[in-house]
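Peer 1: If you read the protein sequences in the order shown, they are chains L and C.
So the first sequence is residues 1 to 100, counted in our numbering.
So the second sequence is residues 101 to 200, counted in our numbering.
There are 2 protein chains.
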Amino acid sequence: MIGKTEKRKKLEKAGWRIGSAADFLALTPAEERYVEMKLALAHRLSETRRRHRLTQEKLATVLKTSQPRVAMMEKGDPSVSLDLLVRALLALGVTPRLTN
Amino acid sequence: MIGKTEKRKKLEKAGWRIGSAADFLALTPAEERYVEMKLALAHRLSETRRRHRLTQEKLATVLKTSQPRVAMMEKGDPSVSLDLLVRALLALGVTPRLTN
DNA sequence: AGACTGTATATCAGAATTGATATAAGTCCA
DNA sequence: TGGACTTATATCAATTCTGATATACAGTCT
Numbered sequence: 001m002i003g004k005t006e007k008r009k010k011l012e013k014a015g016w017r018i019g020s021a022a023d024f025l026a027l028t029p030a031e032e033r034y035v036e037m038k039l040a041l042a043h044r045l046s047e048t049r050r051r052h053r054l055t056q057e058k059l060a061t062v063l064k065t066s067q068p069r070v071a072m073m074e075k076g077d078p079s080v081s082l083d084l085l086v087r088a089l090l091a092l093g094v095t096p097r098l099t100n
Numbered sequence: 101m102i103g104k105t106e107k108r109k110k111l112e113k114a115g116w117r118i119g120s121a122a123d124f125l126a127l128t129p130a131e132e133r134y135v136e137m138k139l140a141l142a143h144r145l146s147e148t149r150r151r152h153r154l155t156q157e158k159l160a161t162v163l164k165t166s167q168p169r170v171a172m173m174e175k176g177d178p179s180v181s182l183d184l185l186v187r188a189l190l191a192l193g194v195t196p197r198l199t200n
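What follows is the structure, encoded as structure tokens:
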């Protein structure tokens with residue numbers, strides 16, 4: 001079990017702007033899960049890239065995007081869509097199955 | 101095992117414009133998987149809504165969007181993002197876990 | 001220190017997605 | 001047939017996302 005303050009810090013560190021404690025608590029469970037999913041995918045992308053021994057620059061070329069965007073993806077930045085993350089993972093051969 | 105022509109029909113019916121057989125075959129495995137994921141989520145959304153005995157109109161209200169967009173989502177229309185689909189499912193309490 | 005490699009941050013114009021609206025089409029029942 | 005209800009399609013302005021560029025930061029080596 002992870003405390004709320006701790007979780008908040010984790011999210012803020014990841015670039016999710018959360019103004020006040022009230023704002024944070026206003027995150028619905030669905031929103032929290034969405035953010036967590038994104039961070040999980042982001043982490044997975046980073047891991048996968050390392051496993052393939054690629055630099056962000058090289059991965060960017062493979063994905064036909066730029067190194068800065070890859071950096072954003074690996075942070076799970078709010079400005080990056082799930083689509084982009086999923087496409088990247090699929091391109092790397094990772095096959096996410098959606099289970100209940 | 102599903103034939104290529106059959107699969108193509110399925111995708112075209114779902115609104116994915118695929119001009120020629122050559123174009124279709126040009127879909128990379130990653131792209132195919134992406135489309136299939138989307139259609140799976142779309143179908144899942146439709147099922148879930150029905151299970152909750154909601155009209156598209158009512159679901160739209162819950163999701164703070166419009167009935168026409170819900171229709172698009174349930175078709176897995178190319179103009180609908182994974183984000184939107186996932187958010188919708190999460191809002192309905194479906195909790196997709198990403199497994200290997 | 002300086003050069004080099006890899007990653008992070010800021011900004012922005014162009015592209016894609018969004019909710020909304022209007023309206024058509026399908027379904028059921030009296 | 002016609003109305004009530006539900007879903008589908010078309011269009012569009014506003015928002016969001018994207019790739020690109022410039023540049024900063026961090027680590028390693030000589």
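Note that CB positions come from ideal geometry on N, CA and C, so glycine has one too.
Can you check whether the CB of L/Ala88 is closer than 7 Å to the CB of L/Leu63?
Peer 2: For this step, residue 63 of chain L is matched to residue 63 along the first sequence. For this step, residue 88 of chain L is matched to residue 88 along the first sequence. Yes, the Cβ-Cβ distance between L/Leu63 and L/Ala88 is below 7 Å.
Peer 1: With three or more beta-carbon pairs closer than 8 Å as the criterion, would you say the segment 170-183 of chain C touches the segment 128-142 of chain C?
Peer 2: Taking 8 Å as the limit for Cβ pairs, the verdict is that the segment 128-142 of chain C does touch the segment 170-183 of chain C.
Peer 1: So C/Leu159 is in the alpha helix (DSSP H); what residue range does that whole segment cover?
Peer 2: Counting from one through the second sequence, the residue named residue 159 of chain C turns up at place 59. Where C/Leu159 is concerned, the enclosing alpha helix (DSSP H) stretches over Gln156 to Val162.
Peer 1: Give me, in chain order, the residues of the same chain whose beta-carbon lies closer than 8 Å to that of L/Ser66; leave out the 5 immediate sequence neighbours on both sides.
Peer 2: Within the first sequence, numbered from 1, the residue matching residue 66 of chain L stands at position 66. Excluding positions up to five away in sequence, the list reads Ala60.
Peer 1: L/Gly93: buried (16+ other C-beta within 10 angstroms of its C-beta) or exposed?
Peer 2: Taking the first sequence and counting its residues from 1, one reaches residue 93 of chain L at position 93. The residue is exposed, with fewer than 16 neighbouring Cβ atoms inside 10 Å.
Peer 1: Excluding the five sequence neighbours on either side, which residues of its own chain have a C-beta within less than 6 Å of the C-beta of C/Lys158, listed in chain order?
Peer 2: On the second sequence, position 58 is the one that residue 158 of chain C refers to. Excluding sequence neighbours, C/Lys158 sits near nothing in its chain.
Peer 1: Any C-beta of chain C sitting closer than 7 Å to the C-beta of L/Ser81?
Peer 2: On the first sequence, residue 81 of chain L is found 81 positions in, with the first residue counted as 1. It does; some Cβ of chain C falls within 7 Å.
Peer 1: Taking only beta-carbon atoms, is C/Met101 less than 7 Å away from chain L?
Peer 2: The residue labelled residue 101 of chain C in the question sits at position 1 within the second sequence. At C/Met101, the pLDDT of 39 sits below 50, so the modelled position is not reliable; the number obtained from the coordinates is stated separately. For C/Met101, the answer is no, since every Cβ of chain L falls outside 7 Å of its Cβ.
Peer 1: Just mark C/Arg151 as buried or exposed, buried being the case when its beta carbon has 16 or more other beta carbons within 10 Å.
Peer 2: On the second sequence, residue 151 of chain C is found 51 positions in, with the first residue counted as 1. Label assigned to C/Arg151: exposed.
Peer 1: Just the C-alpha distance for L/Ala42 and L/Tyr34, rounded to the nearest angstrom, thanks.
Peer 2: The residue you call residue 42 of chain L lines up with position 42 of the first sequence. The residue you call residue 34 of chain L lines up with position 34 of the first sequence. Distance between the alpha carbons of L/Ala42 and L/Tyr34: 12 Å.
Peer 1: Taking only the alpha-carbon atoms, compute the straight-line gap between C/Glu174 and C/Leu145 and give it to the nearest angstrom.
Peer 2: On the second sequence, position 74 is the one that residue 174 of chain C refers to. On the second sequence, position 45 is the one that residue 145 of chain C refers to. Distance between the alpha carbons of C/Glu174 and C/Leu145 is about 6 Å.
Peer 1: Can you look up L/His43 in the DSSP assignment and give me helix, strand or coil?
Peer 2: The residue given as residue 43 of chain L occupies position 43 in the first sequence. The answer is helix: DSSP assigns L/His43 an H, G or I state.
Peer 1: Any Cβ of chain C within less than 7 Å of the Cβ of L/Val62?
Peer 2: Here residue 62 of chain L is taken as the residue at index 62 of the first sequence, counted from 1. No, L/Val62 does not count as interfacial toward chain C.
Peer 1: State the Cα-Cα distance for the pair C/Thr148 and L/Ala71, rounded to the nearest angstrom.
Peer 2: Numbered from 1 along the second sequence, position 48 holds the residue referred to as residue 148 of chain C. Numbered from 1 along the first sequence, position 71 holds the residue referred to as residue 71 of chain L. Straight-line Cα distance between these residues: approximately 35 Å.
Peer 1: Give me the chain C residues within the contact set of L/Leu90, using Cβ-Cβ distance strictly less than 7 Å, ordered along the chain.
Peer 2: Position 90 of the first sequence, counted from the first residue, corresponds to residue 90 of chain L. Chain C residues near L/Leu90: Ala130, Arg133 and Tyr134.
Peer 1: Would you say the beta carbon of L/Thr28 is closer than 6 Å to some non-hydrogen atom of the ligand HEM?
Peer 2: Inclusion of the ligand HEM in the displayed structure is not the case, the ligand content being empty and no account of it being possible.
Peer 1: Closer than 9 Å, Cβ to Cβ, to anything on chain C: give me those residues from the segment 40-74 of chain L, in chain order.
Peer 2: For the segment 40-74 of chain L, which is checked against every Cβ of chain C, the residues closer than 9 Å are Ala40, Leu41 and Arg44.
Peer 1: Kindly list the residues whose CB is nearer than 8 Å to the CB of C/Gln264, restricted to its own chain and excluding five residues on each side of it in sequence; keep chain order.
Peer 2: An answer regarding residue 264 of chain C cannot be provided, because it is not within the stretch 101 to 200 covered by chain C.
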